[in-house]
Amino acid sequence: MDTYTFKKSYEMLDEAKKYIPNGIYGPRSPMFLTFGSYPCFLERGKGSHIWDVDGNEYIDYMCSFGTNILGIGHEGVESAAKQQMERGNCFTLPSNRWNELAKRLVELTSGVDWTVFGKNGSDATSYAIAVARHHTKKRVILTANGAYHGAHFWNSHNPAGIPPEYQAFVEHFDFNDLDGIKAKFEEFSGDIAAVMLTPYHHPAMADQVMPNKGYFDGVRELCDKNGSLFIMDDIRCNFRLHINGSHVFFGVKPDIVTMGKAMANGHPISAALGTDELREAAEGVYFSGTHYFSAVPMAAALATMDIIEEEGVIEEVAKLGAMLKKGLKTAAEKSGISVNLTGHDAIPFMTFADDPVFDKNRLFCGEAAKRGIFFHPHHNWFLSSAHTDADIEKSIGVAGEAFEIVKKAN
């Protein structure tokens, strides 16, 4: 099939660089994709499809890095958001949506008693560790090597401009290595405020790793024994594994849960939720932002949660993801290529065997993008309930072409 070109997109990137450092920053930067194979700017989207500024159409397997669980522009969500916008979005005081969303989210999420709202995942995770430190009067936060818990200084993977002192009390261990966590508890005995983990491990440029049987139970036991908190960072997975929280899917009871991304189907909002035992500490931690109280994302979140729960979205997304993974595996085998498909079906990722610097993955994903299928070579993928069987079938067909190109190049 004919492949896409991106003339306008790259002209816009050159213009952007005049006014914006790097033109596009963060994980959406072209440096993370195969330059020449991907667009730089999108113009519109609907459901599971996106269109770039050159008019090229794609089936989107990033869903805005996980936010669009119902697909772009879902009518139920956008209707609720529009109705609220007509009443107003940002006020001097919280809107009437404040209590409504707090009650809905706390009642929906298993094992929590209160919540606060932010705008993005970094807000929620940073608040969570502050509450943990204030409650325990301890300093050290333990996270898994390679885990991403936001872009704030305490956890940033990029050292530029960040004095090391900002991360002085953040220590790391290997995911699924219970002995490694025990060693950290011994090394920093009496000073560990919390262990923060994602529901399963999804580092960049690596296979996703599910927790071993008993792993979370072991972490919970260590936290209880040492007077530390267990924080579940559910920003990326929330409402994709279990309606009551990913911790329910894995059978673990955290003290604090953070959520975001799919919470409002693309509208900016995040949350940190905790137990009654932590209420006093939560009240003592200062947390605020000009737009934290905006009403439109709250209306969108309420609608999104209702639709997910009422329409069996979690099951549908997992079914579609399983179809994609099976089809990619079959297409790769047909080309004589060995691939790993890891992670939960709703959040899959594919890597190639013997591809340490992801050259094969970048080539594969780039060739797929030039043919209208938007995969990311370094970040896990996402599906939405707007994806269709026809989307999956077309994607597998294009993947077959891309696998053949990879085979010839290697």
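Take the sequence shown: its position 180, counting from 1, is numbered 318 in the numbering used here, and each next residue is one higher.
Where a beta carbon is used, it is the ideal one built from N, C-alpha and C, also for glycine.
Model, not experiment: these values are computed from the prediction.
Rank the options by C-alpha distance to the C-alpha of residue i and give the top, closest one.
i: H273; options: S366, K320, H290 and F307; result: S366
i: G356; options: N376, L316, H339 and E325; result: L316
i: I207; options: K464, F541 and M443; result: M443
i: A419; options: F368, F323 and Y265; result: Y265
i: H287; options: I373, G510 and D362; result: I373
i: T281; options: H339, L411 and M343; result: H339
i: I475; options: L458, K275 and A537; result: A537
i: P406; options: R358, Q305 and V215; result: V215
i: E471; options: E448, E539 and L411; result: E539
i: H187; options: I511, A306 and A342; result: I511
i: K241; options: G174, F229, L411 and S175; result: L411
i: G328; options: A528, E448, D140 and K363; result: K363
i: D529; options: G185, K145 and G193; result: G185
i: G481; options: E195, F307 and D345; result: D345
i: N518; options: D527, E448, A439 and M343; result: M343
i: G174; options: H212, T141, G193 and E195; result: T141
i: S426; options: K145, N296 and N258; result: N258
i: A438; options: E213, N194, G193 and F144; result: E213
i: P341; options: A285, D527, M139 and W189; result: A285
If you drop the 5 nearest sequence neighbours on each side, which residues of the same chain put their C-beta closer than 6 Å to that of residue i?
i: F179; result: S147, M150 and V191
i: M370; result: H385, P392 and V395
i: A433; result: Q222, N227, S233 and R235
i: N283; result: H310 and D312
i: V423; result: A268, V269 and H272
i: V455; result: A484, L521 and S523
i: H380; result: V386 and F387
i: V477; result: A470, M488 and F490
i: C375; result: P337 and S384
i: E181; result: W189 and V191
Which same chain residues, not among the five before or five after residue i, have their C-beta less than 8 Å away from its C-beta?
i: A409; result: L243, T253, V254, F255, G256, A262, T396, M397, G398 and M401
i: R417; result: D251 and W252
i: K545; result: S473, G474 and I475
i: N548; result: K498
i: N314; result: H339, V347, P349, N350 and Y353
When we look at the beta-carbon of residue i and count the other beta-carbons within 10 Å, is it buried (16 or more) or exposed?
i: L231; result: exposed
i: K498; result: buried
i: K508; result: buried
i: G383; result: buried
i: M488; result: buried
i: E505; result: buried
i: F541; result: buried
i: T428; result: exposed
i: G450; result: exposed
i: T247; result: buried
i: K276; result: buried
i: A158; result: Residue 158 is actually Ile in this sequence, not Ala. It is exposed - the Cβ of I158 has fewer than 16 other Cβ atoms within 10 Å.
i: G404; result: buried
i: K351; result: exposed
i: F513; result: buried
i: K463; result: buried
i: F144; result: buried
i: F323; result: buried
i: A219; result: buried
Tell me which residues share the same chain as residue i and place their Cβ nearer than 7 Å to its Cβ, disregarding the 5 neighbours each side in the sequence.
i: F520; result: Y199, M200, C201, G204 and I485
i: F388; result: P337, P349 and F354
i: F290; result: This sequence places His at residue 290; Phe is not what is there. Excluding positions up to five away in sequence, the list reads S260 and S264.
i: G161; result: L151, A154 and K155
i: D414; result: D251
i: K532; result: I197
i: R500; result: T172 and P515
i: Y304; result: F291 and W292
i: R358; result: F368, V390 and K391
Cβ of residue i within 9 Å of Cβ of residue j?
i: F368; j: I446; result: no
i: L239; j: M461; result: no
i: L458; j: L479; result: no
i: P494; j: F502; result: no
i: V333; j: L360; result: yes
i: V278; j: A321; result: no
i: A441; j: S294; result: no
i: H525; j: G209; result: yes
i: A469; j: I534; result: yes
i: F229; j: F431; result: yes
Give the C-beta separation of residue i and residue j to the nearest angstrom, bearing in mind that I take them to be a contact with Cβ-Cβ under 8 Å.
i: P168; j: Y176; result: 7 Å
i: G193; j: G211; result: That pair is no contact at about 18 Å.
Should residue i be listed as close to the ligand GDP, given that the test is whether its C-beta is under 8 Å from any heavy atom?
i: H287; result: Among the components modelled here there is no ligand, and therefore nothing to report on the ligand GDP.
Using a Cβ-Cβ cut-off of 9 Å, state whether residue i counts as contacting chain B.
i: A420; result: Absent here is chain B; the protein component of the structure consists of one chain.
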